[in-house]
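Q:
Chains as they are written, first to last, in the numbering used here: chain B, 263 to 468; chain Y, 75 to 192.
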């Protein structure tokens, strides 16, 4: 009877040990499953970070490179503009020299006055020159020569009021309502957009 | 289980005496305690799972973030180096612009005057 009882007790103990083992095994499996799931999810997120990294790194490099290029381009353009400004200053100096050379300047001045006269829609016009031109050409039949070059008959007078300019003329209608600026500065300003590309081509073509 | 267990009956164990009952009750009690203890252990382990997950997650993501930061810093260095190289090239280009031969400058001025007076 004692053997039977011992076996019974052993059975009880063995059974509960087995049950406990089962509970432990199932519990640990559940825990491991949850951990594995969370690990997989975190790894997926980490992979996503890594996957986007190449693009992010490329963007960082590209941003720096394009900033560098932009800076270089700006410096290049600034320097180019400085050179062009220098050339324009040289052009102005040359124009001053040109104005002093009467044999070359007078025909240009005449052409400017004619151009101005033809642009003013009035029969009576006034022609204003620079102070030095006024001194130089007063009484030199400049206006008469200009009138001879126009297609429509008009009357013109040389204004006593000088204009501030290197050279050229300002033609106005008698009533001062229409004013045509044919000075060298005005021409320079008008032609700047045409001159600068031409100068650039000559200087920086290579 | 209360009076006799399967298998034990075959052995002819009678579970009626108090001594026998006591032993069985003790065994059952021990068994219950063992199961309770196991359940308790597992419950504790389960309770700790969210912390473990958080810590593991933080570890994995922290590593990835560190890798990202280090790669971005490296990219920044590469970009800065490349920008320096561009700046150096640009400097050479600027020097060549400011050293335009005077003959060429004269040519440009003459061309401008020619256009202006034409």
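Backbone N, C-alpha and C fix where the C-beta goes; we use that ideal spot for every residue, glycine too.
From the DSSP secondary-structure annotation, give me the bridge partner or partners of residue 441/B.
A: Per DSSP, 434/B.
Q: Taking 8 Å as the threshold (beta carbon to beta carbon), is residue 246/B in contact with chain Y?
A: What the structure shows of chain B is the stretch from 263 to 468, and residue 246/B is not part of that stretch, so it cannot be assessed.
Q: If residue 267/B and residue 94/Y are in contact, beta carbons under 8 Å, what's the gap, nearest whole angstrom?
A: 6 Å between Cβ atoms; contact.
Q: Report yes if the CB atom of residue 353/B is closer than 8 Å to the CB atom of residue 412/B, and no otherwise.
A: In this structure, residue 412/B does not lie closer than 8 Å to residue 353/B by Cβ.
Q: Got a sec: is the Cβ-Cβ distance from residue 181/Y to anything in chain B below 8 Å?
A: Chain B contact via Cβ: present.
Q: What residues from the segment 386 to 420 of chain B come within 8 Å of chain Y, judged by C-beta to C-beta, listed N to C?
A: Here the close residues number zero.
Q: Looking at C-alpha atoms only, which residue of 190/Y, 183/Y, 192/Y, 191/Y is the closest neighbour of residue 464/B?
A: Of 190/Y, 183/Y, 192/Y, 191/Y, the residue nearest in Cα terms is 183/Y.
Q: Among the candidates 351/B, 300/B, 331/B, 429/B, whose CA atom is the shortest distance from the CA of residue 362/B?
A: The shortest Cα separation from residue 362/B among 351/B, 300/B, 331/B, 429/B belongs to 429/B.
Q: Shortest alpha-carbon distance to residue 278/B belongs to which of 116/Y, 172/Y, 166/Y, 107/Y?
A: Of the candidates 116/Y, 172/Y, 166/Y, 107/Y, the one whose C-alpha sits nearest the C-alpha of residue 278/B is 107/Y.
Q: So is residue 139/Y buried or exposed if we call it buried at 16+ other beta carbons inside 10 Å?
A: Residue 139/Y comes out exposed.
Q: Pick from 409/B, 415/B, 372/B: whose alpha carbon is nearest that of residue 395/B?
A: Of 409/B, 415/B, 372/B, the residue nearest in Cα terms is 372/B.
Q: So what's residue 420/B in DSSP terms, helix, strand or just coil?
A: Reduced to three states, the DSSP call for residue 420/B is strand.
Q: Quick one: residues in its chain with C-beta nearer than 7 Å to the C-beta of residue 393/B, no 5 flanking neighbours on either side, listed in chain order?
A: So the qualifying residues of the chain are 424.
Q: Can you name the residues of chain Y whose CB is closer than 8 Å to the CB of residue 464/B?
A: Near residue 464/B (Cβ distances below 8 Å), the residues of chain Y are 178, 181, 182, 185.
Q: At 9 Å on the CB atoms, spell out the chain Y contacts of residue 374/B, in chain order.
A: Per Cβ cutoff of 9 Å: no residues; residue 374/B is ~10 Å from chain Y at best.
Q: Can you tell me which of the three DSSP states residue 388/B falls into?
A: DSSP places residue 388/B in strand when its eight states are reduced to three.
Q: Who are the neighbours of residue 102/Y on chain B, taking C-beta pairs under 7 Å?
A: The answer, in chain order, is 274.
Q: Would you check if the distance between the CB atom of residue 153/Y and the CB atom of residue 326/B is smaller than 8 Å?
A: A contact, by the Cβ cut-off of 8 Å.
Q: Going along chain Y in order, which residues have a C-beta closer than 9 Å to the C-beta of residue 289/B?
A: What residue 289/B touches in chain Y: 112, 113, 115, 116, 117, 119, 120.
Q: Leaving out five residues on either side along the sequence, give the residues of the same chain with a beta carbon under 8 Å from the beta carbon of residue 275/B.
A: No residues qualify anywhere along the chain.
Q: How would you call residue 355/B, buried or exposed, if buried means at least 16 neighbouring beta carbons within 10 angstroms?
A: Flag for residue 355/B reads exposed.
Q: With DSSP as the reference, label residue 137/Y as helix, strand or coil.
A: Helix at residue 137/Y.
Q: Could you give the distance in angstroms between the alpha-carbon of residue 328/B and the alpha-carbon of residue 288/B?
A: Rounded to whole angstroms, residue 328/B to residue 288/B spans 59 Å at the Cα level.
Q: Taking residue 462/B and residue 346/B to be in contact with their CB atoms under 8 Å, please state how far apart those CB atoms are, rounded to whole angstroms.
A: With 8 Å as the limit, residue 462/B and residue 346/B qualify as a contact, their Cβ atoms being about 7 Å apart.
Q: Tell me the DSSP secondary structure of residue 425/B in three-state form.
A: Residue 425/B: coil per DSSP, three-state reduction.
Q: Kindly give me the distance between the Cβ atoms of residue 307/B and residue 135/Y, rounded to whole angstroms, as I take these residues to be in contact under 8 Å.
A: Sure, about 6 Å apart at Cβ, within 8 Å.
Q: Return the first residue and the last residue of the alpha helix (DSSP H) that residue 456/B is part of.
A: Where residue 456/B is concerned, the enclosing alpha helix (DSSP H) stretches over 446 to 466.
Q: Thinking C-beta only, is residue 146/Y closer than 8 Å to residue 323/B?
A: Taking 8 Å as the Cβ cut-off, residue 323/B and residue 146/Y do not qualify as a contacting pair.
Q: Once the 5 residues before and after residue 447/B are set aside, which same chain residues still bring their CB inside 7 Å of it?
A: If we look at residue 447/B and ignore the five residues flanking it on each side, its Cβ neighbours are 427, 428.
Q: Is residue 337/B closer than 8 Å to residue 389/B when the C-beta atoms are compared?
A: It is not a contact, given that the beta carbons lie outside the stated cut-off.
Q: Which residues of chain B have a Cβ atom closer than 9 Å to the Cβ of residue 99/Y, listed in chain order?
A: Those do not exist, as residue 99/Y stays about 10 Å from chain B at its closest Cβ, beyond 9 Å.
Q: Following the continuous alpha helix (DSSP H) through residue 329/B, name the residue where it begins and the one where it ends.
A: 264 to 362 is the extent of the alpha helix (DSSP H) around residue 329/B.
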